Amino acid sequence: MKAVILSVGNEVLSGRVLNTNTSYLSQQLEKIGLDVVKTVVVGDDEFMLTNEIKEFIKSSYDVLITTGGLGPTHDDFTKEVICKTFGFDLVIREEAVKTLENYFGKEYAHSNIKQAYFPQEAILLDNECGTAMGGILEKNGKSVIFLVGPPHELKPMYTNGVEPYLKKLMDEEFLIHEFIVMGIGESDAEDYLEEYFKKYQNKNIYIAPYASMGKVRYQITALKKYCEYFNEAVNEFRQLMDKYITSESNEEIEEVVVKTLKDMNFHISFAESCTGGMLASTIINVNGSSSIINESLVTYSNECKSKYLNVSPDTINKYGVVSNEVVLEMADGLKKLTNSDVCVSVSGIAGPSGGSDTKPVGLVYYCIKTPKQTICEHNIFRGTRNQVRLKATLYILYRIYKILMQENK
Numbered sequence: 018m019k020a021v022i023l024s025v026g027n028e029v030l031s032g033r034v035l036n037t038n039t040s041y042l043s044q045q046l047e048k049i050g051l052d053v054v055k056t057v058v059v060g061d062d063e064f065m066l067t068n069e070i071k072e073f074i075k076s077s078y079d080v081l082i083t084t085g086g087l088g089p090t091h092d093d094f095t096k097e098v099i100c101k102t103f104g105f106d107l108v109i110r111e112e113a114v115k116t117l118e119n120y121f122g123k124e125y126a127h128s129n130i131k132q133a134y135f136p137q138e139a140i141l142l143d144n145e146c147g148t149a150m151g152g153i154l155e156k157n158g159k160s161v162i163f164l165v166g167p168p169h170e171l172k173p174m175y176t177n178g179v180e181p182y183l184k185k186l187m188d189e190e191f192l193i194h195e196f197i198v199m200g201i202g203e204s205d206a207e208d209y210l211e212e213y214f215k216k217y218q219n220k221n222i223y224i225a226p227y228a229s230m231g232k233v234r235y236q237i238t239a240l241k242k243y244c245e246y247f248n249e250a251v252n253e254f255r256q257l258m259d260k261y262i263t264s265e266s267n268e269e270i271e272e273v274v275v276k277t278l279k280d281m282n283f284h285i286s287f288a289e290s291c292t293g294g295m296l297a298s299t300i301i302n303v304n305g306s307s308s309i310i311n312e313s314l315v316t317y318s319n320e321c322k323s324k325y326l327n328v329s330p331d332t333i334n335k336y337g338v339v340s341n342e343v344v345l346e347m348a349d350g351l352k353k354l355t356n357s358d359v360c361v362s363v364s365g366i367a368g369p370s371g372g373s374d375t376k377p378v379g380l381v382y383y384c385i386k387t388p389k390q391t392i393c394e395h396n397i398f399r400g401t402r403n404q405v406r407l408k409a410t411l412y413i414l415y416r417i418y419k420i421l422m423q424e425n426k
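Numbering (our numbering), first residue to last: 18 to 426.
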């Protein structure tokens, strides 16, 4: 089955609002085996919107999903144009009225009643976070799904209403398994997995990498009738990439680090220089992180490193602030100060200035101190100042996770 995604709104067309909905929907549709063949963005223009809908009607495509234009204002007319083009009449639906009343109470602006009009034939989609319901219409073997624009409203609407509906439409069930891989770049992984890819390319197994900052998501997909090859491919990938896999549930690295620390009943503290608190902040983004982190320091200047972490000025003068010796003393000082089970220190050159022939921009040293071992490592991260800091943060979290998992065996 083939799908078209149509995003509606001047704010999306102009770029004032990032079109994250299309990215999200494309990924979700791929997971259930629905092929997205076209994505379109139009402004709040009834003529352009009508033309795109008519184009879909004439096409051989099966599903049209629209986002945006379901609100109470005069320029929210996606639903009205869809119904007019397909020949459906709009009537007040009591389910939609109740949604308004649950959100506003009995009294609300008259313009909101517009959101309660739907065709009698429409399957309504609940909105857990707002006032505008979505809907599904079927005609002549085609399905039209109209969704809200705000991503925080759209995602639960898709998960709870659209995905179950689409799965019922699919001719064959798909099998999907995801791996998050870190610590190896997409190109290096491609070379490493060359023979693996060749092995399964003629066995109806689709293996796709999706690279983003600091990680690669691998998705293995197959029709259910090829489950034997699918399971073989999943197990072999797991064996080949074991040292790089951080999740099989699409979790972020900070989530698995927090989970691992909780399982081990460990606390963690950071002493950060070039990352400027990014390591601690990333961990604290995870719900429940208060149970594994009590305190953390940003020790940016040399004087601060000596004042709070007892880093010797002689060590800094002899080896340089970006060195194994300095991050080791930072970690030792952090341990004495916090007594955390895991103490992590980092110092580097984020750039764009400050580098040299022996210590280039992007060079980052870090130390990870656990109850069983102390590990000092370094790496060079390419990119802008903020990219260097972010890449270093993600990679250090990856190393923390792998070290802890090794110790927890």
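Note that the Cβ used here is the ideal one computed from N, Cα and C, for glycine as well. Predicted model only: the values in this text are computed from it and were never measured.
Going by DSSP, A133 is part of no beta strand (DSSP E) at all; its letter is neither H nor E. Following the DSSP letters along the chain, one finds C384 inside the beta strand (DSSP E) bounded by residues L380 to K386. Contact between the stretch 113–122 and the stretch 73–80 is absent, with fewer than three C-beta pairs closer than 8 Å. According to the DSSP assignment, R234 belongs to the beta strand (DSSP E) that extends over K232 to L240. Here R234 really is in contact with E195; their C-beta atoms are around 6 Å apart, less than 8 Å. Taken atom to atom, the span from the alpha-carbon of K156 to that of F103 is near 8 Å. Going by beta carbons, T316 and T410 fall outside the 8 Å limit.
Contact check for A250 against I237 passes: the beta carbons are separated by less than 8 Å. When F283, G88 and Q44 are compared, the shortest CA-CA separation from N267 is found for Q44. In this structure, DSSP gives E195 an extended state, which the three-state scheme calls strand. M295 has its alpha-carbon roughly 15 Å from the corresponding atom of T401. A direct Cα-Cα distance of roughly 11 Å separates I270 from T277. In this structure, the beta-carbon distance from R406 to C291 falls below 8 Å. H395 has Y382 as its beta-bridge partners, per DSSP. Of the other Cβ atoms in all chains shown, 16 or more fall within 10 Å of the Cβ of R110; this residue is therefore buried. S308 and L414 have their alpha carbons spaced roughly 17 Å apart. As computed with DSSP, L141 is found in a beta bridge with G152.
Secondary structure at P369: coil, using DSSP grouped into helix, strand and coil. For T292, there is no enclosing alpha helix (DSSP H), as DSSP marks it with neither H nor E. Assignment of C321 by DSSP, reduced to helix, strand and coil, places it in the helix class. DSSP links D52 through a beta bridge to K19. Note on S357: 16 or more other CB atoms within 10 angstroms of its CB, so buried under the neighbour-count rule.
For A206, the enclosing alpha helix (DSSP H) stretches over residues E203 to Y209.
Close CB contacts of Q390 within its chain, under the 8 Å cut and outside five residues either way in sequence, are with I420 and E424 (chain order). The Cβ atoms of E189 and K241 lie closer than 8 Å to each other. For V303, there is no enclosing alpha helix (DSSP H), as DSSP marks it with neither H nor E. I201 and P226 have their C-alpha atoms some 12 Å from each other. DSSP places A250 in the helix class (H, G or I) of the three-state scheme. Using a Cβ distance threshold of 8 Å, L351 and A288 count as a contacting pair. Annotation for T263: the continuous beta strand (DSSP E) segment containing it runs I262 to S264. The stretch 86–98 makes no contact with the stretch 175–186, as fewer than three CB pairs between them are under 8 Å.
Residue state for S77 is assigned as coil, using DSSP reduced to three classes. Excluding residues up to 5 positions away in sequence, F287 and I385 lie with their Cβ nearer than 6 Å to the Cβ of V361 in the same chain. DSSP places I420 in the uninterrupted alpha helix (DSSP H) bounded by R402 to E424. Secondary structure note for P226: its beta strand (DSSP E) is the uninterrupted segment Y223 to S229. Straight through space, the alpha carbons of A113 and N396 are spaced by roughly 56 Å.
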